[in-house]
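Here the structure comes first, spelled out in structure tokens, and everything after it is commentary.
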Amino acid sequence: MNISNRFAPFILACTLIIIAAGAISGLGLPNSLLPDISRPQIELFSRWSGKTATQIEQSLIAPLEQQLAGIAQMSEMRSEIRADTATTVLTFQPGADMKQAYIDVLSASSQVPNWPSQVPKPFIEDYSNGASATLASFFVYHKDKSVSDPEALIDAYKFYVEPAFANISGIAGAVVGTPIDRRVDIEFSPKLLAKYSLNQADLISKLSGFADRSGGTLHFGAREYDLQFKGQLSLEQLAQVAVAVKDQHIIRVRDIATIETRLASDWGYFALEGKRSLYFFLQPGNNINALEAIDTIKQVMKRLNDGPLKASGIEIAISRDDSVAITNALLLVYGSLVLGAVLACGVLYYFLRHARSVALVFLSIPFCLAIVVLLMALGDYSLNVISLAGMALSIGLILDAAIIVVETLNRIQNRTHSRDSVGEKHKNQKSIEQAMQEVRVALFSSILSSIIVFLPMLFMESAEGRLFRDLAFTISAALAASALFALLVLPILYRRFLSPQENDPVEPQVSMNSEPSETSRKFSRLLVAPLFNRTAAIGLVVLAVPFAIAASLWMRPPVDVLPDPKQNILSGFVSFEDPLSVETIEREYAKVMVARVERQLEQRQDLGIRTHGMFCFPTGCQIYFYTDGEKAFPELKTWLESTITHDLVGVQVFAVQGGLLRFAMPNSRVSQLDILGADMASLQLAGRGLLDHLKKQYPAARIEEGTPLENRATRVEFAPKQDQLIHLGISPDELNRHLLALSGGVYLGDFYDGSNTLPFYFKGKEPKYLDELLDTEIFIASHGLIPLRQLTDATIKLAPESIFRVNRELATSISVTPPEGQAMGEFVEQLRPDIASYMSAHHPGLHLSYRGSADKLAEFLEEFIQIFLAALIILAILMYLSLRSWKLAAAVLLSMPLAIFGGMLNLKLLNLFVAQNLDIITMIGFIILMGLVINNAILLASQYQQGLHQGLSQNEAVMEAIATRKRAIYMSTGTSILGMLPLMISPASSAEIYRGLAAVICGGMIFSALFSISFMAALLSLPMFNHVQKLAPDEQMSIAR
1 MNISNRFAPF ILACTLIIIA AGAISGLGLP NSLLPDISRP QIELFSRWSG KTATQIEQSL
61 IAPLEQQLAG IAQMSEMRSE IRADTATTVL TFQPGADMKQ AYIDVLSASS QVPNWPSQVP
121 KPFIEDYSNG ASATLASFFV YHKDKSVSDP EALIDAYKFY VEPAFANISG IAGAVVGTPI
181 DRRVDIEFSP KLLAKYSLNQ ADLISKLSGF ADRSGGTLHF GAREYDLQFK GQLSLEQLAQ
241 VAVAVKDQHI IRVRDIATIE TRLASDWGYF ALEGKRSLYF FLQPGNNINA LEAIDTIKQV
301 MKRLNDGPLK ASGIEIAISR DDSVAITNAL LLVYGSLVLG AVLACGVLYY FLRHARSVAL
361 VFLSIPFCLA IVVLLMALGD YSLNVISLAG MALSIGLILD AAIIVVETLN RIQNRTHSRD
421 SVGEKHKNQK SIEQAMQEVR VALFSSILSS IIVFLPMLFM ESAEGRLFRD LAFTISAALA
481 ASALFALLVL PILYRRFLSP QENDPVEPQV SMNSEPSETS RKFSRLLVAP LFNRTAAIGL
541 VVLAVPFAIA ASLWMRPPVD VLPDPKQNIL SGFVSFEDPL SVETIEREYA KVMVARVERQ
601 LEQRQDLGIR THGMFCFPTG CQIYFYTDGE KAFPELKTWL ESTITHDLVG VQVFAVQGGL
661 LRFAMPNSRV SQLDILGADM ASLQLAGRGL LDHLKKQYPA ARIEEGTPLE NRATRVEFAP
721 KQDQLIHLGI SPDELNRHLL ALSGGVYLGD FYDGSNTLPF YFKGKEPKYL DELLDTEIFI
781 ASHGLIPLRQ LTDATIKLAP ESIFRVNREL ATSISVTPPE GQAMGEFVEQ LRPDIASYMS
841 AHHPGLHLSY RGSADKLAEF LEEFIQIFLA ALIILAILMY LSLRSWKLAA AVLLSMPLAI
901 FGGMLNLKLL NLFVAQNLDI ITMIGFIILM GLVINNAILL ASQYQQGLHQ GLSQNEAVME
961 AIATRKRAIY MSTGTSILGM LPLMISPASS AEIYRGLAAV ICGGMIFSAL FSISFMAALL
1021 SLPMFNHVQK LAPDEQMSIA R
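All residue numbers in the sequence shown are consecutive under the UniProt record's numbering, ending with 1041.
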């Protein structure tokens, strides 16, 4: 108090500065939906155009995996290999040094032995820096629907769009949905090669190596000259290159081939409202202000559309814009925060009936939130639904400390003022010092205990657990700030603005020296009823805790990973039975669906569809619809399935409403079952059997292939006729090069076109039929023209569309999504024994592993239990240090099961109106509840201990503790409940993120207020608590200090 007296003006000035600085800093904090969530993963992407999955596995991925296998702290390595591409994902242990891991991966991937020279090194993406997130997605398209020119769209993207977006602050990069790489092809006619009797090997040798090369220096006289070999040609010059001489006639490239620059891969089908498009999305950088970035993006889009793109008839449009959803979610929390504060102040006024006292308590809110915002700015935190929810949840905690101080000050001031009116100023100061001395230890202990509860959350390593670092940080910072305000600022404000004459009288305390009012006496006797019936007290103590624990376990809702707040988007997934070509997909599926949608939108205005788009891949299409506001999505889903996709042949259709968290935390409801331990054919057989079994057992769930369980990719296998090759004097490798040249092309090197280096190929015109290919004649020296069918047999077979490997072992995978409304934990509990039973009966030699939500949920639950136990142990030790009694520490901890039961009961009641699972965010509510409930128990135990020290009997000490602290307890409980009530009852879809958390806290606090005081009265009345250690005042002061 000497500090408060001596530096009062300075402290008040600092308070105003802190509030102003907090308001200014709050305006500059970045806004986002969720905190930055990094995953300990690194992805390597490899591309080898024209190659099958089998060859890419053998030549690229198997050697790459072998090189990567020794990297430290890697827990899993999985690769998915398809024709042309392969993706390898490395998952590391929580807490791994990802910077060092990235360096190790970069080094290992550059040292793979025998890596083909024409294949670029793998592109490496570090997901630990947040690269897995998506900010927004876009379409670049021709305004005229009849125009489809991929080259023009690619040029527009490369020359204008990509550079413009790269300059936006906070953008980490852009990722294109379909490959846009180009290559240069010398496309020869096999018939012309046969006509001129040209050998492919000779032509490949003569067309390789067109590049400028230097050759050192020469000295001629006094000058030194650099040597340069001029080999680089333009495309026009390349066409004039002589390749042979026949009958005194020079044969040039143009005589046998054409030269074209074309896309290296097929142009995928992407469309916005029927316009063929180039699709790409942006990856955010760390700590990006999402709303500000999207606003800047829209301004850049407008400049592009009004400027360089307009002349080309090209436009860019945003496909996914979550800024509205993010803004609504943030505004909801802002509104809940303000409303909660107003309701909490209403509770204060009901109890205090004094506007100035309420105002003093209310001032703690801006002060504490300002400190939280300043610390968030220093720590590079963002304003998101988690951190804002932490602030909203902190309202009750912030007011709690101020309530205790103001209530104690009012009580002691009134008691002192009623005895004597001489020396008011001196008495006022002494009474404030007395009140602060009385409350300091309990207040300090309760706030410290609450902070301790949240500290373990800061060390959660799982991606889902890291969601709550922001929550733990904001609440812990708010608690520390509330202690600072209550112990340092509030006494100064009280002394300056509340004189003893202005204080309204409060209830006299039930003590040896004062008579309580009749109302207070009845209420107090009701609370302490167990004191007068020893049997009832023992029964309450013995039965309450086991009943609360058992009932909580019985009422526990199904366990889930994350809540699933919905967005105004419907996505339809159309899966093909077999992989199809781009032309077939566009002709038979994509254009058919788009035409039907356009026709329906013209005929029906009630659909409320704002925009729609489509993505197509060889295995299926996704069509999506954004709507204006909330719609009846079941009806929209029925419309899609019955009107748009109802008669498509050879497809499976699945429609689902989009989730708000789907891009921030993807696949939060999807699990993968990996089957390992055999060759590909056996794994596929087991996968098909398990897939059929699960579909029959769980018809409402979405169960589908994670990897192809049948060979669907058509392949022509060539078997060389060895005897004929020996007779003709060519090797199988030479024959393979002939076949390669007649199909995908033989790599000649890199061709520099003046600005870019492009891969350079020598390839034949593609035959339309297999017989045409086999009838192609190739020139063999000394033997003339020989048809290919004399050199090889050809068979059309089905082959794996993709190859999946887990930890360098072949695997197949099944993707599982629980039925709509069912929690992932509940579904997995049903699934695991069923799958284990099936596999042991039908495929005992194989083994399973789980990925995705099932694995994440198990990982988080293990981490959550560890944190819960750590918090209990830390609390027990802290209680002992504060109360110097293991008995009282145990009594404080035993009050928590009743509150947890109240939280579970409220979840049960909430489920009568809306579905609310026990998701990860809801679980954290119980940790917060522990910190709230324990404050009240500490206040009672501390006051009880003080009563014994003053010489009161055990029952009198219990009654004194309840009478002294019940108003503060009920005020803090009321403010906590009403501060969080808006978060629980809000009907907005985004409120689902934290509705369960708020319900747990509200229910637990209500139940604690109704029953915990009586439980503590019964517990403290037991003989074992009659001889707890009594602290002297100087000991209390030393602990406080």
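Ideal Cβ positions, reconstructed from N, Cα and C, are used throughout, including at glycine.
Keep in mind the model is a prediction, meaning the values are calculated, not measured.
- prompt: Among residues of its own chain, excluding the 5 on either side of Phe654, which ones have a beta-carbon nearer than 7 angstroms to its beta-carbon?
  reply: On the sequence shown, residue 654 is found 654 positions in, with the first residue counted as 1. Taken in chain order, the residues that qualify are Phe573, Arg702.
- prompt: What residue from Ile938, Thr91, Leu857 has the CA that sits closest to Met923's CA?
  reply: On the sequence shown, position 923 is the one that residue 923 refers to. Nearest of Ile938, Thr91, Leu857 to Met923, Cα basis: Leu857.
task: Name, in chain order, the residues that DSSP records as bridge partners for Leu235.
output: Taking the sequence shown and counting its residues from 1, the one referred to as residue 235 is at position 235. Leu235 pairs with nothing; no bridge assigned.
field: Identity of the residue in Arg599, Phe1025, Thr54 nearest Ala890 by Cα
entry: Residue numbering aside, residue 890 sits at position 890 when the sequence shown is read from its first letter. Nearest of Arg599, Phe1025, Thr54 to Ala890, Cα basis: Phe1025.
message: Measuring straight from C-alpha to C-alpha, what distance separates Cys616 and Leu44?
response: Against the sequence shown, residue 616 aligns to sequence position 616. Against the sequence shown, residue 44 aligns to sequence position 44. Taking the straight line joining both Cα atoms gives about 24 angstroms.
message: Pop quiz: Leu263 and Pro150 are said to be a contact at Cβ under 8 angstroms. What is the actual Cβ separation, rounded to whole angstroms?
response: For this step, residue 263 is matched to residue 263 along the sequence shown. For this step, residue 150 is matched to residue 150 along the sequence shown. That pair is a contact at about 7 angstroms.
task: Report yes if the C-beta distance between Ile403 and Cys368 is below 7 angstroms; otherwise report no.
output: Along the sequence shown, read from residue 1 onward, the residue named residue 403 stands at position 403. Along the sequence shown, read from residue 1 onward, the residue named residue 368 stands at position 368. Contact: no.
- prompt: In chain order, what residues of the same chain have a beta carbon less than 7 angstroms from the beta carbon of Gly285, not counting five sequence neighbours either side?
  reply: Locating residue 285 in the sequence shown gives position 285, where the first residue counts as 1. Gly170, Ile171, Ala172.
Pick from Ile675, Asn911, Thr258 that is closest to Arg851, judged by C-alpha positions: Your numbering for residue 851 matches position 851 in the sequence shown. Selected option, being the one with the closest Cα: Ile675.
query: What are the boundary residues of the beta strand (DSSP E) that includes Leu218?
result: If you number the sequence shown from 1, residue 218 lands on position 218. Its beta strand (DSSP E) spans residues 213-220.
message: Let me confirm a value: Gln684 is counted as buried when at least 16 other C-beta atoms fall within 10 Å, else exposed. Which label applies?
response: Within the sequence shown, residue 684 is the residue found at index 684, counting from 1. Gln684 comes out buried.
- request: Locate the beta strand (DSSP E) running through Lys797, then write down its first and last residues.
  value: Here residue 797 refers to the residue found at position 797 of the sequence shown. Its beta strand (DSSP E) spans residues 792-799.
- request: Locate the beta strand (DSSP E) running through Gly784, then write down its first and last residues.
  value: Working through the sequence shown from its first residue, we reach residue 784 at position 784. Looking at the DSSP string, the run of the beta strand (DSSP E) that includes Gly784 is 784-787.
Other residues of its chain near Ala370: CB distance less than 6 angstroms, five sequence neighbours each side excluded: As a position in the sequence shown, residue 370 is number 370, starting the count at 1. Once the five neighbours on either side are set aside, the close Cβ partners of Ala370 are Ile18, Ile19, Gly22.
query: So, are the CB atoms of Ala999 and Leu929 less than 7 angstroms apart?
result: If you number the sequence shown from 1, residue 999 lands on position 999. If you number the sequence shown from 1, residue 929 lands on position 929. The answer is no: Cβ separation not under 7 angstroms.
query: For Val716, which beta-bridge partners are listed by DSSP?
result: Counting from 1 along the sequence shown, the entry for residue 716 is found at position 716. According to DSSP, Val716 bridges with Ile796.
- prompt: Looking at the structure shown, is Arg884 part of a helix, part of a strand, or coil, going by DSSP?
  reply: What you label residue 884 is simply residue 884 of the sequence shown in a count that begins at 1. In the structure shown, Arg884 sits in coil (DSSP, three-state: anything other than H, G, I, E or B).
query: Three-state secondary structure (DSSP) at Arg353?
result: Taking the sequence shown and counting its residues from 1, the one referred to as residue 353 is at position 353. Arg353 sits in coil when the DSSP states are folded into three classes, being neither helix nor strand.
Unbroken alpha helix (DSSP H) run spanning Thr638, endpoints: What you label residue 638 is simply residue 638 of the sequence shown in a count that begins at 1. Thr638 -> alpha helix (DSSP H) spans 633-639.
- request: Could you pull the start and end residues of the beta strand (DSSP E) that Arg851 belongs to?
  value: The residue given as residue 851 occupies position 851 in the sequence shown. It spans 847-852 - the beta strand (DSSP E) in which Arg851 sits, taken as one unbroken run.
query: Could you give the uninterrupted runs of the alpha helix (DSSP H) lying entirely in the stretch 141-197, keeping only those of 4 residues or more?
result: 150-156, 162-166, 190-195
message: Less than 6 angstroms between C-beta atoms, sequence neighbours within five positions excluded: which residues of the same chain meet that for Val119?
response: Working through the sequence shown from its first residue, we reach residue 119 at position 119. Contacts found: Trp48.
- prompt: Going by DSSP, what residues sit across from Val746 in a beta bridge?
  reply: Taking the sequence shown and counting its residues from 1, the one referred to as residue 746 is at position 746. Bridge partners of Val746: Phe762.
His646, DSSP secondary structure in three states: Position 646 of the sequence shown holds residue 646. Coil.
field: Residue ranges of each alpha helix (DSSP H) within the stretch 354-402, 4 or longer
entry: 355-362, 364-378
message: Cutting at 6 angstroms between CB atoms, please list the residues of its own chain near Gln93, excluding the five before and the five after it.
response: As a first step, residue 93 is located in the sequence shown; it is residue number 93 there, counting from the start. Only Gln73, Ser75 meet the Cβ criterion.
query: Among Gly979, Leu272, Arg808, which one has its Cα closest to the Cα of Arg610?
result: To locate residue 610, count along the sequence shown from 1; it is residue 610. For Arg610, the nearest C-alpha among the options comes from Leu272.
task: Could you say which of Ser802, Phe485, Ser205 lies nearest to Ile56 if we only look at CA atoms?
output: Reading the sequence shown from its first residue, position 56 is the one you call residue 56. Nearest option by C-alpha distance: Ser802.
- prompt: Which residue or residues does DSSP assign as beta-bridge partners of Gly572?
  reply: For this step, residue 572 is matched to residue 572 along the sequence shown. DSSP lists Ile623, Ala655 as partners of Gly572.
- prompt: For Val112, which of helix, strand or coil comes out of DSSP?
  reply: Against the sequence shown, residue 112 aligns to sequence position 112. Of the three classes helix, strand and coil, the one that applies to Val112 here is coil, per DSSP.
Spatial neighbours of His693 in its chain, beta-carbon cut-off 7 angstroms, leaving aside the 5 residues before and after: Here the question's residue 693 lines up with position 693 in the sequence shown. The answer, listed in chain order, is Tyr838.
task: Would you kindly work out how many angstroms separate the C-alpha atoms of Glu777 and Ser109, rounded to a whole number?
output: By 1-based counting over the sequence shown, the position of residue 777 is 777. By 1-based counting over the sequence shown, the position of residue 109 is 109. Using only the alpha carbons, I get a separation of about 41 angstroms.
- prompt: If we ignore side chains and look at the alpha-carbon of each, how far apart do Leu304 and Ile168 end up?
  reply: Counting from 1 along the sequence shown, the entry for residue 304 is found at position 304. Counting from 1 along the sequence shown, the entry for residue 168 is found at position 168. Taking the straight line from one Cα to the other gives about 14 angstroms.
field: Sequence-distant residues of the same chain with beta carbon closer than 6 angstroms to Ile993, five excluded per side
entry: Your numbering for residue 993 matches position 993 in the sequence shown. Excluding sequence neighbours, Ile993 sits near Val385, Pro563, Pro565.
message: Within 8 angstroms, do at least three Cβ pairs link the stretch 567-583 to the stretch 618-630?
response: yes
query: Between the C-alpha atoms of Glu635 and Val651, what's the straight-line distance to the nearest angstrom?
result: For the purposes of this step, residue 635 is identified with residue 635 of the sequence shown, where counting begins at 1. For the purposes of this step, residue 651 is identified with residue 651 of the sequence shown, where counting begins at 1. The alpha-carbon atoms of Glu635 and Val651 are separated by roughly 21 angstroms.
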